[in-house]
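A.B. asks: Counting in UniProt numbering, the sequence shown runs from 1 upward without gaps. Virtual Cβ for every residue (Gly too), placed ideally from N, Cα, C.
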Amino acid sequence: MSVYQRSERWMVYYHDDLGKRHDKSFGRGELGKAKAEAFEKAVQEANEKLLPIPDPETVTAGIRVAAKAAGAGTEATVPPASQVIEKKPTGITLSELGKKYLDHMRASGRTEKHIRNVERLLDNQFVPVIGNKPVDSLTYQGDMVPFILHFKGVSGSTGKERSQYTVNKYCDYLSFIFNFGIDNGFTRVNPLKNWKKPKVQPWDLKLTLDDARKIMEHAEPHLKWAMEVCFNLGTRPGESELLSLRWDDVDFAAGTVRIYASKTKTYRTVPINPEFLKRMEIEKQESVSGFVIEYMGRGLTTIRKSFKNACQRAGITYPTRMYDLRHLFATTLLNKGADLAAVSKMMGHSTVKLTADTYYHYMSGEKERAVRLLPGLAVA
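1. Alpha carbon to alpha carbon, how far is K308 from T93?
2. Just grab the DSSP bridge partners of S2 for me.
3. Give the list of continuous beta strand (DSSP E) stretches no shorter than 3 residues that lie fully inside the stretch 248 to 317.
4. Taking just the CA atoms, how far does K336 sit from V127?
5. Between G234 and M347, is the Cβ-Cβ spacing less than 8 Å?
6. Could you tell me whether the Cβ atoms of V229 and L242 are closer together than 8 Å?
7. If you check the beta carbons only, do residue 383 and L121 fall under 8 Å apart?
8. Less than 8 Å separating the beta-carbons of N194 and Y140?
9. Can you grab the Cα-Cα spacing for the pair S306 / M105, in whole Å?
10. Which residues does DSSP list as the beta-bridge partners of S25?
11. For G297, I'd like the list of residues in its chain whose CB is within less than 7 Å of its CB, leaving aside the five on either flank, ordered along the chain.
12. Using the C-alpha atoms, what's the distance from Y14 back to H22?
13. Mapping the DSSP letters down to three states, classify Y362 as helix, strand or coil.
14. Please work out which residues of its chain come closer than 7 Å, Cβ to Cβ, to R313, disregarding the five sequence neighbours upstream and downstream, and give them in chain order.
15. Between the beta-carbon of K152 and the beta-carbon of V135, is there less than 8 Å?
16. Do you know whose CA, among N273, R246, M227, lies nearest R326's CA?
17. Determine the contact status of V257 and I272, defining contact as a CB-CB distance below 8 Å.
18. Once you ignore the five residues that flank M216 on each side, which residues in its own chain have a CB closer than 6 Å to its CB?
19. Please report the Cβ distance between G142 and D251, rounded to the nearest whole angstrom; I am assuming they are in contact, meaning their Cβ atoms lie under 8 Å.
20. Tell me whether V229 sits in a helix, a strand or coil according to DSSP, three-state version.
21. Use the C-beta contact count for S137: other C-beta atoms within 10 angstroms, 16 or more gives buried, fewer gives exposed.
22. In terms of DSSP beta bridges, what is E30 paired with?
23. If I follow the unbroken alpha helix (DSSP H) through S175, where does it start and stop?
24. Which of helix, strand or coil does DSSP assign to P375?
25. What are the partner residues of E112, as DSSP defines its beta bridges?
26. For K20, which of helix, strand or coil comes out of DSSP?
27. Please list, in chain order, all residues of the same chain as P237 whose beta carbon is under 6 Å from its beta carbon, the five residues on each side excluded.
28. Please name the residue, chosen from Y362, S350, E161, that lies closest to R268 on a Cα-to-Cα basis.
29. Which class does T58 belong to by DSSP, given the choice of helix, strand or coil?
30. Could you work out which residue in I177, I148, E286 is closest to residue 382 when comparing CA atoms only?
31. Please state the DSSP three-state secondary structure of E37.
32. Is it buried or exposed, Y318, if we count other Cβ atoms within 10 angstroms and call 16 or more buried?
33. How about A330 and Y360: are their beta carbons less than 8 Å apart?
34. If we ignore side chains and look at the alpha-carbon of each, how far apart do A36 and F176 end up?
35. On the DSSP bridge list, what partners appear for P134?
36. Between V189, Q201, G159, H150, which has its C-alpha nearest Y170's C-alpha?
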């Protein structure tokens, strides 16, 4: 790495984190030289500390030199790079922008649970890790790469390494906040703009009908009923659908249930199996709260812990979630020959393609069954 001149321009050549050479121009004159020297020093320090190569624009943003002395026709003395006065970044900070984004979500009708989740991430994760800096001063190399690497590590709450899915989700939330700032004129940059989201391996569905029954045998009554409802209606578990479902949403005469999906802000109508409809009629008679799923006469906000405990009592050792019952609903129907488009509608998917992409690999023997439909082409 070295500072040199090309056509009177001050240049620095250096190698990035992948070993690729770059030649960066910093302009002509004393200002260009000061910027080149400052960047060279910053790269040397990054290499010594095994840190990512810093962003040239960030390193040199505060460097300035006087063009001419007042009332004189000669160049003013230019201080060396080590003595250059840096301009303090200004503008709305990450914390301030985050609060505006939370207000925006409230005005847009997002659920309180989702808003609280984002608020906790801002207060306990994003701002402490990145720092409460002006958003326009943030850069990908200088701030976002360290942020991503930090969250690729071990979680302080679980003691386990965070999944790529979690890292992607955190970056998505941040990117939404940055884009909100740009769209509303609060900021000018999204430092995650050039981040490429790594692909995540799809969830390995291991839950079977037999294991689901084992879990139900060890479940508390309210969880046992919640599992039945989730599997028979294909709902998303949690407050987004299952725990928000009310008896008023069930049309016993038509044998259907109207499900509101807070995730997509849409309604869908799902037919109910006649046998399960009889079960629902019995459960409704004992209901107190008006919610399909209740505990001690009240609605619930989560059943995750109850499900986890039931799995442990049932001896289920592989990772599984309540959400797997929704997956089991889809895969069971498709493996029994149900129409893909019908299943897609009942799942509340935006397109049939999404359903096919998500569940086709679970449909055993479909390709073999398809080729058996071909007629012979041989001739005598």
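C.D. replies: Once the coordinates are examined:
1. Their Cα atoms are separated by approximately 40 Å.
2. BP columns for S2 point to Y13.
3. Whole beta strand (DSSP E) segments, 3+ residues: 256 to 261, 266 to 271.
4. Approximately 50 Å, taken between the alpha carbons.
5. Yes, they are a contact pair.
6. Yes, they are a contact pair.
7. Beyond the ends of the chain as shown, which are 1 and 380, falls residue 383; an answer cannot be given.
8. In this structure, Y140 lies closer than 8 Å to N194 by Cβ.
9. For the pair S306 and M105, the Cα-to-Cα distance works out to about 30 Å.
10. The partner list for S25 (beta bridge, DSSP) reads M11.
11. Excluding sequence positions up to five before and after G297, its CB lies within less than 7 Å of the CB of V288, S289, all in the same chain and listed in chain order.
12. Using only the alpha carbons, I get a separation of about 5 Å.
13. It is helical.
14. In its chain, beyond the 5 residues on either side, H218 have a beta carbon closer than 7 Å to the beta carbon of R313.
15. For K152 and V135, no; Cβs fall outside 8 Å.
16. Nearest of N273, R246, M227 to R326, Cα basis: M227.
17. Contact check for V257 against I272 passes: the beta carbons are separated by less than 8 Å.
18. Around M216: K224, M227.
19. About 57 Å separates the beta carbons of G142 and D251, which is beyond the 8 Å limit, so they are not a contact pair.
20. Here V229 sits in helix by DSSP.
21. Counting the other CB atoms within 10 Å of its CB gives S137 a total of 16 or more, which places it among the buried residues.
22. The partner list for E30 (beta bridge, DSSP) is empty, contrary to what the question assumes.
23. Judged by DSSP secondary structure, S175 falls within the alpha helix (DSSP H) whose first and last residues are 164 to 183.
24. Looking at P375 - three-state DSSP - the assignment turns out to be coil, as it is neither helix nor strand.
25. Partner residues in a beta bridge of E112, as assigned by DSSP, do not exist.
26. In the structure shown, the three-state DSSP call for K20 is coil.
27. Within the same chain, P237 has close Cβ partners C230, M322, Y323.
28. For the set Y362, S350, E161, the Cα lying nearest the Cα of R268 is the one of S350.
29. Correct three-state label for T58: helix.
30. Because residue 382 is not part of the residues shown, which for the chain are 1 to 380, the question remains open.
31. E37 falls in the helix class under three-state DSSP.
32. When all chains shown are included, Y318 counts as exposed.
33. Cβ atoms of A330 and Y360: not closer than 8 Å.
34. Taking C-alpha positions only, A36 is separated from F176 by approximately 34 Å.
35. Paired residues: T93.
36. From the listed residues V189, Q201, G159, H150, the smallest Cα separation to Y170 is found for H150.
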